[in-house]
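J.: Take this structure, written in structure tokens, and hold onto it; I'll ask about it next.
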Amino acid sequence: MISLAHPIRLRHSPGPGEASDCSSPPPDPATVAEERLDAVGIATELRALPADAIAAQADALAQTLKALSPRIVHYKVCSTFDSAPEIGSIGAAVAVLERHLDPVLIAVVGGQPSLGRYCAFGNLFARGPGGQVHRIDRHPVMRNHPITPMTEADLRLHLARQGLEGLQLEPWPAIAEGPAALKERIASHVHAGERRILFDACDQAHLDTIGSALADYGSGSRPLLVVGASGVAEALGGRVGLRGAAVQIYAGNEGPCLVVAGSRSPITAGQVEAARGFNRMPVRARDLSDEVAIKQLATRCGAAFATGRNVLLHLVPHEDYGISGADLSHKLADLVATILDWQAIRILGVAGGDTSSAVIRRLGFRSLAFEQQLDTGVAICIARSDIPQRDGMRLMLKGGQVGSEAVFDQFVFANDRRALGTPSHI
-9 MISLAHPIRL
1 RHSPGPGEAS
11 DCSSPPPDPA
21 TVAEERLDAV
31 GIATELRALP
41 ADAIAAQADA
51 LAQTLKALSP
61 RIVHYKVCST
71 FDSAPEIGSI
81 GAAVAVLERH
91 LDPVLIAVVG
101 GQPSLGRYCA
111 FGNLFARGPG
121 GQVHRIDRHP
131 VMRNHPITPM
141 TEADLRLHLA
151 RQGLEGLQLE
161 PWPAIAEGPA
171 ALKERIASHV
181 HAGERRILFD
191 ACDQAHLDTI
201 GSALADYGSG
211 SRPLLVVGAS
221 GVAEALGGRV
231 GLRGAAVQIY
241 AGNEGPCLVV
251 AGSRSPITAG
261 QVEAARGFNR
271 MPVRARDLSD
281 EVAIKQLATR
291 CGAAFATGRN
301 VLLHLVPHED
311 YGISGADLSH
321 KLADLVATIL
331 DWQAIRILGV
341 AGGDTSSAVI
351 RRLGFRSLAF
361 EQQLDTGVAI
371 CIARSDIPQR
381 DGMRLMLKGG
391 QVGSEAVFDQ
401 FVFANDRRAL
411 GTPSHI
């Protein structure tokens, strides 16, 4: 059985280059062991941190992972692999995990076709605004990413610059030959001491083949370490037996909805513009300047909620906030926490990968249980918390580059029209 639904929450680094402590301890090994998990997924906000801070936090996480003895460890990265040697280094995290866990194999799954991410002959392509697919180093958004611009499409070269060297490529024509042939090639790599493999993925069939070929790898003493986006769960879930678990959809009128858009991508900007079921409130730099300003904006939100309106807080695409992307995400997380401390909000949506991580960590949720897929790359989850007013909250989490234009209104519609009291299953 496999579960990738248990986030490991980390506190943000106090400053550049400084390692941070956990805001709450990682999941207790004894508690997690009761669920008999084959896999542990690591979904963090490390991509916003310097390489030395990433290494320090990965070092702390590795101790917990060893105690859990999972057969599979999934290091979750963005589907666009945006990262750099100095910031958000994937290689820095993998190097630490490799040293501690001694994995039997490191498998990098390069594409996630369901999100319009394709890896062909080691080169990453991504769907952009308007639906056109671009090589990642020519992508109109990712080549100009403000923190980690993607200037190299070949993932072997891109990751080698971060210290993840020696990736052996399994190209899509070879993967298309089927699971049996791919298993033989993987075994040949392992026999030759080549334990780092990059897998192309251009369609769902490729992911299915990769999952089948990797299904027998990994043990409690030497796990399979898989690096990739949520397509890893798509590849492996059906192969190793995703466990079905009931998730209760809470009945009753749960009041208005809050959505926070922390991404400034053109896709998210279009989704904000298209939202009709909300009182839209731009978040300016002055609104996040200090604690007093944050409380004032929270008060304005409260006034909107008092009239029964849903609220959509969003960053302004070209605003100069004067702080790093990581600090901006944490300011937004503080804003959300302030609002929820004052208002009985039970329905929360967050847009932006880093913002989602910061908000989930700040709110102190114990775990998230997947309820349903709202849109491509957009999940609705039920949160568990030791704080009564936050336990059972419905959450929509999405990256800045995913979802249809009407995704925020879809979230409101899903809450208004859901079958009350009817369990959903994963």
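Numbering-wise, my numbering puts 307 at position 317 of the sequence shown, and it's gapless, one number per residue. Just so you know, even glycine gets a beta-carbon here, dropped at the ideal spot from N, CA and C. If you're wondering where the values come from, they're calculated on a predicted model, not measured in any experiment.
Classify residue 260 as helix, strand or coil using the three-state DSSP reduction.
T.: The residue given as residue 260 occupies position 270 in the sequence shown. If DSSP states are grouped into helix, strand and coil, residue 260 belongs with the helices.
J.: Between the beta-carbon of residue 197 and the beta-carbon of residue 170, is there less than 8 Å?
T.: Position 207 of the sequence shown holds residue 197. Position 180 of the sequence shown holds residue 170. Not in contact: residue 197 and residue 170 (Cβ atoms no closer than 8 Å).
J.: Would residue 344 and residue 316 qualify as a contact pair, given that the criterion is a beta-carbon distance under 8 Å?
T.: In the sequence shown, residue 344 corresponds to position 354, counting from 1. In the sequence shown, residue 316 corresponds to position 326, counting from 1. Closer than 8 Å, so yes.
J.: Nearest chain C C-beta to residue 177 closer than 8 Å, yes or no?
T.: The structure shown contains no chain C, having only a single protein chain.
J.: If you count every other CB in all the chains shown that lies within 10 Å of the CB of residue 45, and 16 or more means buried, which is it?
T.: As a working note, residue 45 is residue 55 in the sequence shown. Residue 45 comes out buried.
J.: On the CB-based measure, 16 or more other CB atoms within 10 Å of its CB, does residue 298 come out buried or exposed?
T.: For this step, residue 298 is matched to residue 308 along the sequence shown. Under this definition residue 298 is an exposed residue.
J.: Taking the alpha helix (DSSP H) that residue 315 falls in, what are its first and last residues?
T.: Stepping through the sequence shown from its first residue, residue 315 is reached at position 325. Unbroken alpha helix (DSSP H) run through residue 315: 315 to 332.
J.: Mind checking residue 186: buried by the 16 CB within 10 Å criterion, or exposed?
T.: On the sequence shown, position 196 is the one that residue 186 refers to. It is buried - the Cβ of residue 186 has at least 16 other Cβ atoms within 10 Å.
J.: If we count the other Cβ atoms within 10 Å of its Cβ and call it buried at 16 or more, is residue 134 buried or exposed?
T.: Reading the sequence shown from its first residue, position 144 is the one you call residue 134. Counting Cβ neighbours within 10 Å, residue 134 comes out exposed, since fewer than 16 surround it.
J.: Distance check for residue 293 and residue 218, CA to CA, integer angstroms please.
T.: Here residue 218 refers to the residue found at position 228 of the sequence shown. Here residue 293 refers to the residue found at position 303 of the sequence shown. Approximately 42 Å between the Cα atoms of the pair.
J.: Quick check: what's the CA-CA separation for residue 312 versus residue 260?
T.: Against the sequence shown, residue 312 aligns to sequence position 322. Against the sequence shown, residue 260 aligns to sequence position 270. About 24 Å.
J.: Rounded to the nearest angstrom, how far is the Cβ of residue 320 from that of residue 348, given a contact under 8 Å?
T.: The count along the sequence shown starts at 1 and reaches residue 320 at position 330. The count along the sequence shown starts at 1 and reaches residue 348 at position 358. The pair is a contact, with the Cβ atoms about 5 Å apart (cut-off 8 Å).
J.: Please report the distance separating the alpha-carbon of residue 12 from that of residue 88.
T.: Reading the sequence shown from its first residue, position 22 is the one you call residue 12. Reading the sequence shown from its first residue, position 98 is the one you call residue 88. With a pLDDT of only 37 at residue 12, under the threshold of 50, the placement of this residue in the model should not be trusted; the figure read from the coordinates follows. The alpha-carbon atoms of residue 12 and residue 88 are separated by roughly 21 Å.
J.: With 16 other CB atoms within 10 Å as the buried threshold, where does residue 254 fall?
T.: In the sequence shown, counting from the first residue as 1, residue 254 sits at position 264. By the 10 Å Cβ count, residue 254 comes out buried.
J.: Quick one: which unbroken alpha helix (DSSP H) runs of 4-plus residues sit fully inside the segment 40 to 118? Chain order, please.
T.: If we require 4 residues or more, the alpha helix (DSSP H) runs fully inside the segment 40 to 118 come out as 41 to 58, 80 to 91.
J.: Is there contact between the segment 158 to 170 and the segment 74 to 89, where contact requires at least three CB pairs shorter than 8 Å?
T.: As far as the Cβ criterion goes, the segment 158 to 170 does not touch the segment 74 to 89, which means the pair count is below three.
J.: State the Cα-Cα distance for the pair residue 306 and residue 326, rounded to the nearest angstrom.
T.: Your numbering for residue 306 matches position 316 in the sequence shown. Your numbering for residue 326 matches position 336 in the sequence shown. The alpha-carbon atoms of residue 306 and residue 326 are separated by roughly 17 Å.
J.: Could you say which of 387, 357, 393 lies nearest to residue 376 if we only look at CA atoms?
T.: Looking up residue 376 in the sequence shown gives position 386. Nearest of 387, 357, 393 to residue 376, Cα basis: 357.
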